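Chemist: One structure, as structure tokens, below. Some questions next.
Residue numbers (my numbering): -5 to 180.
Take a look at the structure:
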């Protein structure tokens, strides 16, 4: 089984010291999705600061149950039946919780102030590919010139939609919200 991104690609983008894996023997038992467990143990996720995404501090020790990190989420009505297998992966923009569904491999996001977690990516490797692409193009998406940022985000949306079209299926999706934040600074 191949993944959307490899360990060598992650290390090339972030540097070996900024790629965190979750040792198989420490992986939270809620992560039963085989491909997800393998990706986390063999490939890993970016572990950088001062960027749109930051991993939880405990990534190398197995990813904590979401219930222990964010019990408020479990007060929401009509959560998916797989919510008991959710683990905390990290945060986007400081407060938006990135959630891994350990039984399906899907990645969700709980936007600060929203009522329920929304869909983010079809799999953890696709989520990692997205984060890596944004990191790769950070020089352009952090440019002062709006036209430069617009061109960069337009190119990213085309590239990433081809990789995981479901992530862009909803015009209100989180990835579109990230693009808006990049373009207009909110």
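Yeah, the Cβ is synthetic: ideal placement off N, Cα and C, and Gly gets one too. Note that this is a predicted model, so its numbers are computed, not measured.
For the region 44 to 105, which segments carrying the alpha helix (DSSP H) assignment without a break, of at least 4 residues, lie completely within its bounds, in sequence order?
Modeler: Counting only runs of 4 or more, we get 60 to 63.
Chemist: Along the chain, where does the beta strand (DSSP E) containing residue 113 start, and where does it finish?
Modeler: Within the chain shown, the letter at position 119 stands for residue 113. Segment 112 to 115, the beta strand (DSSP E) holding residue 113.
Chemist: Return the CA-CA distance between residue 38 and residue 15, expressed in angstroms with no decimal places.
Modeler: Along the chain shown, one-based indexing puts residue 38 at 44. Along the chain shown, one-based indexing puts residue 15 at 21. Cα to Cα, the separation comes out at about 4 Å.
Chemist: For residue 172, count the other beta carbons within 10 Å of its own beta carbon; 16 or more makes it buried, fewer makes it exposed. Which is it?
Modeler: Numbered from 1 along the chain shown, position 178 holds the residue referred to as residue 172. When all chains shown are included, residue 172 counts as buried.
Chemist: When you compare the CB of residue 17 with every CB in chain B, is at least one pair closer than 8 Å?
Modeler: Among the chains in the structure shown there is no chain B, since it carries only a single protein chain.
Chemist: Could you check if residue 140 is buried or exposed, using at least 16 other CB atoms within 10 Å of its CB as the buried criterion?
Modeler: Locating residue 140 in the chain shown gives position 146, counting from the first residue. Flag for residue 140 reads exposed.
Chemist: Tell me the DSSP secondary structure of residue -2 in three-state form.
Modeler: Within the chain shown, the letter at position 4 stands for residue -2. Residue state, collapsed to three classes: coil.
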